[in-house]
Amino acid sequence: MSKEYIKRQIEGYKRDIDNQKSKIASCKEDIAKIRIRKSRDTESYARKIKNASSTSTRHSIRAQKKRDWESYARQIDREKDQIESYRNRIKGYREDIKRARERMKRAK
């Protein structure tokens, strides 16, 4: 393999790393949006419970709130798992870059 070919490979790996970093940023934005929705729902549930006319209504509102909170937690965990996956890919690309640089040194 020529040095130019290896250099092009390294540039490709760097583009892949940048792509993964942008995906991580997107996941972080999604997590922030989920948290904003959750905080808005907190206010909404507080109003609903305060205005509930009966104990059974309050109970059903609290049960719905619990289900929603579990859903938010699952969504956030999914996003965090995705971020971890992207970070692992970045580590792999960095290892590929190291190997490519070693090959380039040997090609001299």
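Per my numbering, the very first residue in the sequence shown carries number 117; after that it's consecutive. Backbone N, C-alpha and C define an ideal beta-carbon position, used for all residues, glycine too. A quick note: this is a predicted structure, and the numbers were derived from the prediction, not measured.
In the DSSP assignment, S201 falls within the alpha helix (DSSP H) that extends over T171 to R222. Rounded to the nearest whole angstrom, the CA to CA distance from E127 to R203 is 18 Å. For S138, the enclosing alpha helix (DSSP H) stretches over residues K119 to N167. The count of Cβ pairs closer than 8 Å, one atom from the region 127 to 146 and one from the region 192 to 200, reaches three, so the stretches are in contact.
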